[in-house]
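**Student:** Chains A and B are the protein sequences, given in the same order.
For the first sequence, the working numbering begins at -3 and goes up steadily by one.
For the second sequence, the working numbering begins at -3 and goes up steadily by one.
Using N, Cα and C, we set each Cβ at its ideal position, and we do this for glycine too.
Computed from a prediction, not measured in an experiment: that's the story for all the values here.
Number of protein chains: 2
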Amino acid sequence: MNLSSILRCSTAQKSNPYWRTLRTVAATTVIESIKKSARILIVCHIRPDGDSLGSGFALKKVAEKLGKQVDFVTDSDRPSHYSFIKCFYELNDKKYSGYDLGIAVDCADDTRLGKWLSVFNKCPNTINIDHHRTNNRFAKVNYVYPEKSSACEVVYDLISGDDVIDADIATLLYLGISTDTGNFMHNNTKPETLAAASKLLALGADLEAIVNDFYKNNTKNKIMLTAKAIESMRFFKDDYIVIMTITRKMLEECGCDITDTEGLIDYGMSIGSVGVAVCMTEQNVRSYKVSYRSKGIDVSVAALMFGGGGHKLAAGCVVNGHYEDVVRKIVKSVTDGIAE
Amino acid sequence: MNLSSILRCSTAQKSNPYWRTLRTVAATTVIESIKKSARILIVCHIRPDGDSLGSGFALKKVAEKLGKQVDFVTDSDRPSHYSFIKCFYELNDKKYSGYDLGIAVDCADDTRLGKWLSVFNKCPNTINIDHHRTNNRFAKVNYVYPEKSSACEVVYDLISGDDVIDADIATLLYLGISTDTGNFMHNNTKPETLAAASKLLALGADLEAIVNDFYKNNTKNKIMLTAKAIESMRFFKDDYIVIMTITRKMLEECGCDITDTEGLIDYGMSIGSVGVAVCMTEQNVRSYKVSYRSKGIDVSVAALMFGGGGHKLAAGCVVNGHYEDVVRKIVKSVTDGIAE
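1. Can you find a CB in chain A that lies within less than 8 Å of the CB of N117 of chain B?
2. With a cut-off of 8 Å, does the C-beta of L168 of chain B fall near any C-beta of chain A?
3. Taking I267 of chain A as the query, report the chain B residues whose CB atoms sit under 9 Å from its CB, ordered along the chain.
4. As a quick exercise: from A:D106, A:K64, A:P44, pick the residue whose alpha carbon is nearest that of D176 of chain A.
5. Kindly indicate the opening and closing residues of the alpha helix (DSSP H) around V151 of chain A.
6. Which ranges does the alpha helix (DSSP H) cover as unbroken runs of at least 4 residues, wholly within the segment 51 to 119 of chain B, from first to last along the chain?
7. Cβ closer than 8 Å: which chain B residues qualify as neighbours of A191 of chain A?
8. With a cut-off of 8 Å, does the C-beta of P187 of chain B fall near any C-beta of chain A?
9. Where does V322 of chain A land, buried or exposed, given buried means 16+ other C-beta within 10 angstroms?
10. Counting only Cβ pairs nearer than 9 Å, list the residues of chain B close to D235 of chain A.
11. Quick test of your reading: D105 of chain B and N138 of chain B, contact by CB under 8 Å. State the CB separation rounded to the nearest angstrom.
12. In angstroms with no decimal places, state the Cα-to-Cα distance between H182 of chain B and N213 of chain A.
13. Within a Cβ cutoff of 7 Å, which residues of the same chain sit near T17 of chain B, ignoring the five residues on either side of it in sequence?
14. My guess is that A225 of chain B and L260 of chain B are in contact by the Cβ rule of under 8 Å, so how many angstroms apart are they, rounded?
15. Please state whether DSSP places V281 of chain B in a helix, a strand or coil.
16. Could you tell me the alpha carbon to alpha carbon distance between T222 of chain A and P75 of chain A, rounded to whole angstroms?
17. Locate the alpha helix (DSSP H) running through C250 of chain A, then write down its first and last residues.
18. Grouping DSSP H, G and I as helix and E and B as strand, with all else coil, what is Y288 of chain A?
19. Sort A:H77, A:T215, A:L196, A:D253 by Cα distance to M265 of chain B and report the nearest one.
20. Taking the continuous alpha helix (DSSP H) assigned at N121 of chain A, which residues delimit it?
21. Going along the chain, which residues of the segment 280 to 302 of chain A sit with their C-beta nearer than 9 Å to a C-beta in chain D?
22. Decide if Y92 of chain A is buried, meaning its Cβ has at least 16 other Cβ atoms within 10 Å, or exposed.
23. Counting only the same chain and skipping the five closest in sequence on each side, list residues whose C-beta sits under 7 Å from that of S29 of chain B.
24. Suppose the cutoff is 6 Å on Cβ atoms and the five residues either side in sequence are ignored; what does the same chain contact list for V315 of chain A look like?
25. Measuring CA to CA, which of B:T167, B:I326, B:C275 is closest to F53 of chain B?
26. Please classify G50 of chain A as buried or exposed, where buried requires at least 16 other C-beta atoms within 10 Å of its C-beta.
27. How about the segment 65 to 79 of chain A and the segment 185 to 194 of chain A: do they share at least three Cβ pairs that are nearer than 8 Å?
28. Is the separation between the beta-carbon of L197 of chain A and that of P142 of chain B shorter than 8 Å?
29. Taking Cβ-Cβ distances shorter than 7 Å, what residues in chain B pair up with Y85 of chain A?
30. Among the candidates A:G46, A:K325, A:Q279, A:S290, whose CA atom is the shortest distance from the CA of D253 of chain A?
31. Is there at least one Cβ from chain B nearer than 8 Å to S6 of chain A's Cβ?
32. Could you list which residues in chain A have their beta carbon closer than 7 Å to that of T222 of chain B, in chain order?
33. Could you compute how far the alpha carbon of K233 of chain B sits from the alpha carbon of V295 of chain B?
34. Check this for me: beta carbons of D256 of chain B and N217 of chain B, under 8 Å apart or not?
35. Looking at the strands, I want to know which residues DSSP matches up with N214 of chain A.
36. Is Y78 of chain B close to chain A, meaning its C-beta is less than 8 Å from at least one C-beta of that chain?
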C-alpha cells in the first residue's frame, strides 16, 4: 500500500483515526517536498479560474519564501479578468527547466494540464493537489480531498500548520475559496470552509480587494450585456425552465466578448420558480454553446443527449440548428430528464 | 458605575482584560435575565430587515425553549419577502401583556421601536442588543458592540456558551449575519464574523434554504425590473458617478412594487469605475427618493444638502423637481463632496 492510495479520502476513512494520522503525515509532506526541491513546476488547469490561480500562486509564493525557483504555468492565455492579482504576470512566465518537483493544482485529471502534462510527468517527484471527486490520481503523491470546497482549501489545510501564510498568500487562498463556493453560497460551503476563511482573514487576506477587484469590477459594457441577457429570457413549463440567449450581435452592440458572458446564467438561477436555467451563446450561424444549471434535477443527462456532459447540477454541450428548433430541443431535453 | 455604562464597548476597552471579564458577565446575564422572567416582549425596528428578524426570532425561540411566554413585534407590517422564515407569522402575533422583560434588537435608537417604545419602557427590565455605533443606550442594560457585523452576531456571542442554539436558531442567526454583511462582502466581515458563521453552520444552520429562499428567490417581475433599472443608468464624471432611475411607470409595467427596488443600486456599485451609485425612485410627480452608495467618499454630506442623512457610505434624501434638474443637482451634490 503506497502513500498515494492511502491518501484517497472516503467518508469511512474520515472518521478513522489511522487515516487521520496519515493525513497529518501528508500535510507535513507537501512542505517537506518543497524543501527538498530546488526547481519546482506548478501547473494549473486550462482556462484557469480563481481557485486554480489562487492555489497555484499561493504555493509559488510559499516555495519562493523557502528559497526555491518556481514556474507557474497553464496551457491557456492569462485570463485578463484576474489581472488584479498582484503576481498575475508571473503566470506562464517560464524561467526555469530541469524541475525536481511538479505540482498540479485543481486538475481533475491529467488532460487538464494540456501541453504541460509531458513536462510534469518528467519531474522525478509529482504531487496532485485537488478537490474533484472524479480525480484520476495521476501523480506519484495525490492529495485529493473531495469533501473540501476548493483546491485553495486543500492547500490551506496542507500548509496552515507551517507558519508560512502571509497576507498575500492568505489573499490568494481566500480568493479561491470564495470563488469556488460562489462566495459561500454553494453547498460545498462547510463549517471547515468558513473556519478556513476566518483564519485567512485573520492572517491578513484582503477581502476588500477581492470584493472590489473581482465581485464589483464589472465594466459598463458587461452590465449593459446583463440587461440584454435578462430581456432575452424565455420561460417554459410554468416558469420552471428559463432560457437566455446571447447572440453575437448583442456582444458586438455592447462591446463585449465571450468572457463577459460568465455568470450571466446566475440571473436565471436567481428566480425562485426556476429549477433549470439555460444559457445559449451563439457561436456561429446556427450553432449554440449551451450551458445548463439546475437546482435539483440531473442536467448532465440533458447535455448528454447532444453529446455534451458535466455534473448533475451544471452541464454543457453544443447544439446546431435554427434558433427556435434549438430552443424546442433544449426544453425537451430538460422535460425528458424530469420525466425520468 | 452601573453595568449599562460598563458594557459600552470602545477600542480601548476591547484590549482591557477587566472589560473582557465584564463582557463575559454580560454574556451570562442575557440568558439569566430571560430565565428570571415569565413574559417577554421582543421588539425589532420598523421596516425590519434580515438581521432584526433573525436576532428577534432567535431570542424568541431561545426564550420559548426555556419555557417563557414571548411576543415578538415591530411597528410595521410583516415584510413579505421574509415569509420563508419558518416562524414568520409569529411576528406581530401579540398574545401576552404584563411583560417582565423587554428586549430590543438591532435598534440604533429608541425611535426605531415606533409605537412599541412606550410598552418597552413600561417593562421592569429592559435590554438593548445592538451593533450600531450611534446606539443611544436607551435600555437599562445595553449590549452594544459596534465592532460586530450584526445584531445576530451579538446575539450569537451572548448565547453561544449556553448550549441553547439548535438548527432553527442557528439558521435565524446565520440569516442575519449573512444579510447584514452583504453575504460576507461588506467590510464589517471580520474573522470573528466568519468564525461565528462557521459554528452556526456546524450547529445546523440551513444555508441551502437561506440561499434558495432569500438570495435566489427573485420573481420574474423583479428580474425584468432589474433589466430596466440597468438600462436607465446614466454615467457622469468619467463613469465615477452612476444614476439609475426607477419610475412609477416602470414598476407598473413590470408588475412590481416599491419593495422590489431593494438592492437594485448594487448593480451600479458592481461597476469597477463607479465610486458613487445613486438610485432615484419616483415617489410622486416631480418627487424622487434618492439613495446614495459610495465606495469611499462621504455621501452623507451630499444627502444632507437636500435635508437627508445617513452614513459615510450609504445615505438618502428626497429631492423634488423636474427629472433633469434633479439629476443635475444630484451630480453636483456628489462632485461638491469630492471637491471638499
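**Tutor:** Straight from the coordinates:
1. no
2. no
3. K212, N213, N214, T215, K216, K218, I219
4. A:P44
5. 147 to 155
6. 113 to 118
7. L190, A191, S194
8. yes
9. buried
10. K216
11. With a Cβ gap of about 12 Å, D105 of chain B and N138 of chain B do not count as contacting.
12. 15 Å
13. Annotation note: pLDDT 39 at T17 of chain B (below 50); position unreliable, no value reported.
14. 5 Å
15. coil
16. 20 Å
17. 244 to 250
18. strand
19. A:T215
20. Looking at the DSSP string, N121 of chain A is not in any alpha helix (DSSP H); the run it does join, the beta strand (DSSP E), is 121 to 126.
21. Considering every chain present, this structure includes no chain D. Its protein chains are A and B.
22. exposed
23. L97, N121, I123
24. Y284, V286, F302, V322
25. B:T167
26. buried
27. no
28. no
29. Per Cβ cutoff of 7 Å: no residues; Y85 of chain A is ~19 Å from chain B at best.
30. A:Q279
31. The predicted position of S6 of chain A is uncertain, since its pLDDT is 43 and thus under 50; a value taken from the coordinates is nonetheless stated next. So no, S6 of chain A is outside the interface.
32. I226
33. 16 Å
34. yes
35. B:I267
36. no
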